[in-house]
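Have a look at the structure below, then the notes.
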Amino acid sequence: MRSRCAFLLLIIGFSLWGGCKKAEKKLPVTQPEANSPNALFTLLSPAQTKVNFINTLTESMYGNVLMYQYFYNGGGVAVGDVNNDGREDIYFTGNMTPNRLYLNQGNMQFTEVAEYAGVIGRLNAWKTGVTMVDVNGDNLLDIYVCYSGHLPAEARVNQLFINQGVTKQGHPQFLDQARQYGLADSAYSTHASFFDYDRDNDLDLLLLNHNPRIFNNLDEVSIAEILKKPEPNMRVKLYQNNQGHFKDVSDRAGLAKSGLSYGLGVGIADINSDGWPDIYISNDYSAPDYLYYNNGNGTFTNKLKAGIGHIPIYSMGNEVADINNDARPDILTLDMLPEDNKRQKLLFAPDNYEKFEINTRSGLHYQYMRNMLQVNNGDGTFSEVGQLSGLSNTDWSWAPLIADYDNDGWKDVYITNGFLRDFTNMDFLKYRGGYLQLKGNNISEPEMMALVKSMPSSNVINYVFQNTGGTQFRNRGKDWGITQPSNSNGAAYADLDNDGDLDLVINNINQPAFIYQNQSNNFKKNHYLQVKLQGAGKNTAGIGSKIWVYAQGKQQYLEQMPSRGYQSSVSPVLHLGLGISTFADSVRVIWPSSKQQILRNIKTDQVITLKESAAVEAVQPIRQNIIPVFLPIKSSLAFTHQATAINDFKRQPLLVNPLSFDGPCLIKADVNQDGLEDIFAGGSAGQASQVYLQQKNGSFKPKANPDITTDKNSDDVDALFVDVNQDKKLDLYVCSGGYGNFTPDDPLLQDRLYLGDGQGNFKKSQNALPDMRTSSSCVRAQDINHDGALDLFVGGRVIPGRYPEAPRSYILLNNGQGQFRDATKEIAPQLERVGLVTDAAWVDLNQDKKSELVLVGEWMPITVFSNTNNKLIENTSAYFFKSCRGWWNKLLVGDFNQDQQPDLLIGNLGLNSQCKASDKQPATLIFKDFDDNGSVDPILCLYMQGKSYPYVSRDELLDQISVMRTRFPDYKSYADAGLKDIFTPEELRGAKKLSANCFSTSLFLSASQHKLQPVALPLEAQYAPVQALSVLDYNHDGKVDVLLAGNQNQARLRFGKADANYGVLLQGNGQGKFTYVPQPKAGLQLKGDVRSILSVNNLLLVGINQQPVKAYKWK
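If you want the numbering used here, it's the position in the sequence shown, counting the first as 1, plus 332.
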């Protein structure tokens, strides 16, 4: 069937050629919208530029997206000076139309010469990516064009157009010499990137290919079989240049060879700064991306899983560039998550945990549908911060182009997007499934075309983001003049008018190509510097060279690699914005040959040419001699938190966050009175907790405690060493928490008290506690009634199976003999159902010698209870200027500004999430048993583009509340629905509401009148949920430093795992301000869900959920 379809598509493709050419002329030209006079970009019309290229697609029986799913993937753009007249020219590829070459005549006007130059490409074939590069080292730009399509091999042979020089009229001439060079490859090619991987001073080729077919219903066995089978026409290939002839060395290089290959983007840079170019490949569908590190011996090693926690599932174009000016290449990969609620609801399939687990078990890595920005930490790890950066949601996206468009010294981002028809529209997928089942294989051409045209068609607007000074961006599309709807694919940047700013060229489907003229020089006072490179050997453009530019104490870093984005190549002239600087203090270049040169005091607003022949000094890769603060060592605490297969979302599908992964807790005290600190490690359900006694050599030895072992079926999430019976021997209180398989009143939820004998032995006190069948989160001791005996606060975390109903929290009064009674109603009735408590602390906030109780929790405000006449009264407003409701996780008390007053550091969700909240646009949770079936239905609502919408998908809603099937018969009817559209006023009556207005991990410093004032933390503190905090003075300067850790790897699939925090060390200045200590200096690589940090002697012990305890040594 597949071969028959391919053959018929070839026939149709041939017959359509004449029709396509006519269609190109008939399509109406969309006039650009009028922009504000200060818009950065102006869209020039084809009448102005004489560039009238249109990538016209004509759908037919076998030429459509149902027969070839890359039918709408579009064509590429290449920019370069092909006739060496000092002006950048433009080349477009057309999938079904002739390729076009436009010579730049100046003043943003162009002349089309493709047919005369011999570069229109093969007719009746499917053209994809294009690269301009000097392949043979004669200082003339050549053009390499890729071919693909569901076509026979002879129609897919790539072309290499070798530049023969220019005629007397200044027109370049080209000859296709792909076969002579060994590059007439007939794989299903997406794009080509030329680079010198072996650093022998000529250009090699990385050929990005893809599988034209889609694998469906894969399981672990079928995935394993696919991965074993070589597919030379689908795999990524590496060609080595041997004196002008290219040889396929893919196998020797170690590149993956299977048909699980859907390559749509390739980025090349020296990612690990070892002097050798590395490769990042983004793969569509469930095929994993690859991060190939160059070993320097002709081979590559995929290190993706070692350094990157998760990737997009539909990876498209990518860019590798230094986005935050730290001289380390970062990685931006695109996917297809829309920004708006409606398109998310129409295009987003429900979470499929079974498929996800099959993929992860099969080694396909963790994949989620959104753009991702991987910030290079410089130690082999990357922190994915696309959501924090503001770049994560740009719809069906193709080309990311990272460059400084406003010349302010920070690289901005331009992104093309659009798909001619909404192929993943949920209503269409449902309709198509039923239609094909009804018709079988007997579909006529009119029926096929009707099916194709039943797909909704959406033009969307490309995005441009302004860098605000690091890793965060502001959407400036409208302000900068990017307002024209389109379906855009390949794109390139270049200074087309030689005025010192970067213009944009975009290849559109069924619409004239865009040429955006950058007007920055007309109304901004920023300066620029452009650098041309002239290599000494066959690599005439110095591809792979590195450039550092320093001005006014700031640095910028670029690598020469014209193949960028998606199916395209940008100008080889390197461009740097320098803001208000009129001079660059120095410009440094390191060539691939390792030679370097440095120029000083360079005037801006000019183009400088650097020649490798003038570089004489050979340098080795820069290896900074960094002595890390923390050194990983083998843990002397041999405790491994038990793994579990629990999925909380199977129990409550509308749960917001997982609740079964709060361990292990680690606490310390000298329990055997030998002067050494001992440790209690809390086990998960089914795992015994353990007491460890410290030995004189610093090691830890487990101490048998049968009573603790007997209670192993509880989930021990927190504990406290405390002398409850005043015998001067520490006792042990253990919180039974968790969610998983516990019932709401499960006996395993009962907290326990073990009495200590001062030798490390603990015996359970059977009747010491009242009945407390609550999943608790924390226990904190304080003499509340001033009788000399320590009383307890116990925080309730959740009622298993009934989230987010508030569980019981407790005030337990001690009779002085270690017997406790529930005194909540008499001491603090407001505490009984205070909320979903996650942590608490007793602290004297107003220095009146009486400690306040500070509580934090999920959907809770930071809450303060004051002790008034031995009663705990809610008194939050006395200490906070406003209600700060968050998804708070952890609370740390310290004096961070050394003013002898207590301050609070509180771990929260962070800002790297789809969930956003503010005072004006809070996140809300509405809950009730809406369908009267005995279960709680929590409905999370988030603001999108100024309006609050339920985040739940139609499928999730219908599965939870079946009555909604008649109310929303299709996805379209649900897509725009707000909460009041979904539920009637009667149904909403009696529903409860929780809200959050702050998701940032926050520091509050004590100010005048004991008010707690929020103080900003470094952005790295917001990379992931913070679940563990520790105070230390790592540099022994007498000023408090802090360590933040956490992550959430068990999150619901639509949110995706949060894993960007590898242990964030913040250095304090003693005045309440903190700076981030970079990961190479900190030395921390904490992977997983950190839930506890314990400092013992000069060791840092880290408890990680479902992992062994990690240990770091520090001085």
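Backbone N, C-alpha and C define an ideal beta-carbon position, used for all residues, glycine too. Remember, predicted model here, so these are calculated numbers, not experimental data.
**OP:** Helix, strand or coil for glutamine 699, going by three-state DSSP, please let me know.
**Re:** strand
Counting along the chain, where does the alpha helix (DSSP H) carrying tyrosine 1355 start and finish?
-> Premise fails: tyrosine 1355 is in no alpha helix (DSSP H) and is neither H nor E.
Subject >> Candidates Asp1119, Arg1112, Leu435 and Leu473: closest to isoleucine 1143 by CA position >> reply: Arg1112
message = As a quick exercise: from Thr1106, Thr631 and Ile611, pick the residue whose alpha carbon is nearest that of methionine 893.
response = Comparing alpha-carbon positions, the option among Thr1106, Thr631 and Ile611 lying closest to methionine 893 turns out to be Ile611.
Margin query: Within a Cβ cutoff of 7 Å, which residues of the same chain sit near valine 1188, ignoring the five residues on either side of it in sequence?
Written below: Thr1170, Asp1171, Ile1194, Trp1220, Leu1223 and Ile1238
- Message: Strictly by DSSP, which residues pair up with glycine 1092?
- Response: According to DSSP, which records beta bridges pairwise, glycine 1092 is partnered with nothing at all.
**Study point:** Where the alpha helix (DSSP H) containing methionine 1296 begins and where it ends
**Key:** For methionine 1296, the enclosing alpha helix (DSSP H) starts and ends at 1296 to 1299.
| Do the segment 907 to 916 and the segment 725 to 740 touch if we need at least three Cβ pairs shorter than 8 Å? | Touching, per the Cβ criterion.
request  = Out of Thr374, Asp1369 and Phe1315, point me to the one whose CA is closest to valine 837's CA.
outcome  = Thr374
Between the segment 395 to 404 and the segment 801 to 814, do at least 3 Cβ pairs fall closer than 8 Å?
no
- request: Report the residue ranges of all alpha helix (DSSP H) runs contained in full by the segment 556 to 607; include only those spanning at least 4 residues, in chain order.
  value: Runs found: 582 to 585.
- Task: Measure from the alpha carbon of aspartate 829 to the alpha carbon of each residue in Leu1080, Ala845 and Ser903, then state which is nearest.
- Result: Ser903
Can you give me the C-alpha to C-alpha distance between glutamate 486 and valine 792, rounded to a whole angstrom? 36 Å
Quick check on DSSP: helix, strand or coil for asparagine 1429?
coil
In three-state terms, what does DSSP make of tyrosine 763? helix
Checklist entry - Between which two residues does the alpha helix (DSSP H) harbouring lysine 982 extend? => result Where lysine 982 is concerned, the enclosing alpha helix (DSSP H) starts and stops at 980 to 983.
Item checked: Three CB pairs or more closer than 8 Å across the segment 1244 to 1261 and the segment 1360 to 1378 -> Result no; under three Cβ-Cβ pairs closer than 8 Å.
Legend entry - Chain-order list of residues whose beta-carbon lies under 6 Å from that of isoleucine 1116 (same chain, five-residue window excluded): Asp1123
(request) For methionine 1192, write down the residues that DSSP places opposite it in a beta bridge. (result) Gly1218
Excluding sequence positions up to five away, which residues of its chain have a Cβ less than 8 Å from the Cβ of valine 445? Cβ within range, chain order: Leu433, Tyr434, Leu435, His503 and Pro504.
Which residue marks the beginning of the beta strand (DSSP E) containing isoleucine 1143, and which one marks its end? Looking at the DSSP string, the run of the beta strand (DSSP E) that includes isoleucine 1143 is 1142 to 1146.
- Item | Assigned exposure category for alanine 1508 - 16 Cβ within 10 Å defines buried | The first residue shown for the chain is 333 and the last is 1447, placing residue 1508 beyond what the model contains.
What's the call for threonine 425, buried or exposed, on a 16-neighbour Cβ count within 10 Å? buried
**Asked** Are the beta-carbon atoms of phenylalanine 1300 and tyrosine 1306 separated by less than 8 Å?
**Response** yes
- C-alpha gap between proline 817 and aspartate 833, whole angstroms: 24 Å
Option nearest proline 996 by Cα separation, candidates Ile555, Ser1016, Thr1075 and Met787: Ser1016
* Is the number of C-beta pairs between the segment 962 to 972 and the segment 1432 to 1447 that are closer than 8 Å three or more? -> yes
Just to confirm the assignment, what range does the alpha helix (DSSP H) spanning leucine 1413 have? Note on identity: in this sequence residue 1413 is lysine, with leucine being the wrong assignment. 1411 to 1414 is the span of the alpha helix (DSSP H), which, as asked, contains lysine 1413.
| query | Do you know offhand how far isoleucine 427's Cα is from glycine 712's? | reply | Strictly speaking, residue 427 in this sequence is asparagine, with isoleucine absent from that position. Roughly 39 Å between the two C-alpha positions.
_Taking 7 Å as the limit between beta carbons, can you name the residues of its chain near threonine 941, skipping five residues before and five after?_
Closer than 7 Å at Cβ, skipping near neighbours: Lys864 and Gln866.
When DSSP labels each residue in this structure, what does glycine 351 get in the three-state scheme? Bear in mind that the predicted position of glycine 351 carries a pLDDT of just 36, short of 50, making it too unreliable to give a figure here.
Please specify which runs of the beta strand (DSSP E), each continuous and at least 3 residues long, are wholly inside the segment 1058 to 1132, giving them in chain order.
1063 to 1069, 1084 to 1088, 1094 to 1096, 1107 to 1114 and 1123 to 1130
| In chain order, what residues of the same chain have a beta carbon less than 6 Å from the beta carbon of leucine 991, not counting five sequence neighbours either side? | Asp980, Tyr1071 and Val1130
How big is the Cα-Cα spacing for glycine 1266 and glutamine 1292?
12 Å
Between the CA atoms of glycine 1395 and asparagine 709 - distance to the nearest angstrom
12 Å
**Q.** Cβ shell of glutamine 884 (< 6 Å), same chain only, five flanking positions each side left out
**A.** Ser913
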